[in-house]
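For the sequence shown, UniProt numbering assigns the number 1 to the initial residue and increments by one for each residue that follows.
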Amino acid sequence: FPAGLQWKVVLAILLQCIFLSFGGALQPGPIQPPQASGNIQDYNVFWFQQKPSKSPAFILKHANNGKIDQSSSFGARFVPIRDADTNAYVLQIQKVQTDESATYFCLAEGDYFQTAVSGSGTRSVAVSKLPSSVIILSDVSQKPESSDVHALCLVEDFYPGLIEIKWSAAGKDITEGVTSGQVTLNGDGTYTTSSILTVSRDFFNSVNPIQCSVSHESSGSKTERSLQWCM
Numbered sequence: 001f002p003a004g005l006q007w008k009v010v011l012a013i014l015l016q017c018i019f020l021s022f023g024g025a026l027q028p029g030p031i032q033p034p035q036a037s038g039n040i041q042d043y044n045v046f047w048f049q050q051k052p053s054k055s056p057a058f059i060l061k062h063a064n065n066g067k068i069d070q071s072s073s074f075g076a077r078f079v080p081i082r083d084a085d086t087n088a089y090v091l092q093i094q095k096v097q098t099d100e101s102a103t104y105f106c107l108a109e110g111d112y113f114q115t116a117v118s119g120s121g122t123r124s125v126a127v128s129k130l131p132s133s134v135i136i137l138s139d140v141s142q143k144p145e146s147s148d149v150h151a152l153c154l155v156e157d158f159y160p161g162l163i164e165i166k167w168s169a170a171g172k173d174i175t176e177g178v179t180s181g182q183v184t185l186n187g188d189g190t191y192t193t194s195s196i197l198t199v200s201r202d203f204f205n206s207v208n209p210i211q212c213s214v215s216h217e218s219s220g221s222k223t224e225r226s227l228q229w230c231m
């Protein structure tokens with residue numbers, strides 16, 4: 001990600017609205033119904049992160065006296081802020097990473113939990129990452145005696161995991177003989193996938209070029225590779 005990129009999750013203590021900011025102007029998010037009133041000085045706030053199919057994980061407690069108790073599982077990039085001007089507590093995630101896409105909750109507590117309210121959560125997705133590489137491989141020269149030609153289009157290290165791979169021949173889409181691979185999660189939170197095309201050698205020799213086209217909507221990127229390009 002670009003240096004200095006920051007991801008902010010902002011949840012008003014009144015639980016009236018959520019704002020998201022990606023290193024720029026604040027943008028309105030989903031509105032939550034009012035559930036509590038008062039001043040932020042009267043509340044302690046607990047922040048939690050919840051990933052799909054997992055229990056909420058405690059991030060930190062931001063006490064009304066300014067003291068911060070932080071979980072050892074979350075580093076210093078998770079910065080709590082108390083904004084008296086807007087009567088809101090803010091959680092700022094600096095240099096956000098792809099595996100930090102999750103739902104974030106805050107719990108506001110006052111008078112030793114005689115008052116406790118929580119938001120419905122803010123689903124936050126890290127910034128898109130376009131594929132680091134698109135590779136096309138073929139057995140066209142390795143198996144000259146075969147009646148079929150196989151081609152593999154491998155797409156690596158993209159985020160989020162929604163991507164479209166199309167095959168074409170001489171500018172026309174190919175839909176038969178296409179086998180889509182699984183979208184697999186990498187250790188750093190990005191994804192990898194592939195697509196295999198099987199065509200007859202006669203077809204391969206009669207059209208030019210045969211291409212693999214990869215479109216990643218979230219990042220707006222489009223990459224094309226041809227079988228001739230890999231030979």
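Glycine residues also receive a C-beta, built at the ideal position from the N, C-alpha and C atoms.
Determine the contact status of residue i and residue j, defining contact as a CB-CB distance below 8 angstroms.
i           : j           : result
residue 136 : residue 212 : yes
residue 103 : residue 50  : yes
residue 63  : residue 44  : yes
residue 93  : residue 82  : no
residue 179 : residue 196 : yes
Would you kindly work out how many angstroms separate the C-alpha atoms of residue i and residue j, rounded to a whole number?
i           : j           : result
residue 166 : residue 226 : 12 angstroms
residue 215 : residue 192 : 14 angstroms
residue 169 : residue 208 : 6 angstroms
residue 55  : residue 205 : 55 angstroms
residue 84  : residue 65  : 13 angstroms
residue 59  : residue 39  : 23 angstroms
residue 188 : residue 141 : 35 angstroms
residue 181 : residue 106 : 39 angstroms
residue 218 : residue 194 : 18 angstroms
residue 61  : residue 132 : 38 angstroms
residue 146 : residue 156 : 29 angstroms
residue 198 : residue 97  : 37 angstroms
residue 47  : residue 224 : 43 angstroms
residue 149 : residue 185 : 29 angstroms
residue 152 : residue 90  : 46 angstroms
What first and last residue would you give for the alpha helix (DSSP H) that runs through residue i?
i           : result
residue 201 : 201 to 206
In terms of residue numbering, what span does the beta strand (DSSP E) encompassing residue i cover?
i           : result
residue 137 : 133 to 138
residue 168 : 164 to 169
residue 102 : 102 to 110
residue 94  : 88 to 94
residue 83  : 78 to 83
residue 221 : 221 to 226
residue 152 : 148 to 158
residue 69  : 68 to 70
Which term fits residue i, buried or exposed, when burial requires 16 or more other beta carbons within 10 angstroms of its beta carbon?
i           : result
residue 52  : exposed
residue 144 : exposed
residue 129 : buried
residue 100 : buried
residue 210 : buried
residue 200 : exposed
residue 138 : buried
Determine, for residue i, whether the minimum Cβ-Cβ distance to residues of chain B falls below 8 angstroms.
i           : result
residue 157 : You won't find chain B in this structure, because it holds only one protein chain.
Would you list, in sequence order, the uninterrupted beta strand (DSSP E) runs of no fewer than 3 residues that lie entirely inside the segment 38 to 65?
The DSSP assignment places 44 to 50 and 57 to 62 as complete runs of the beta strand (DSSP E) inside the segment 38 to 65, in order along the chain (cut-off: 3 residues).
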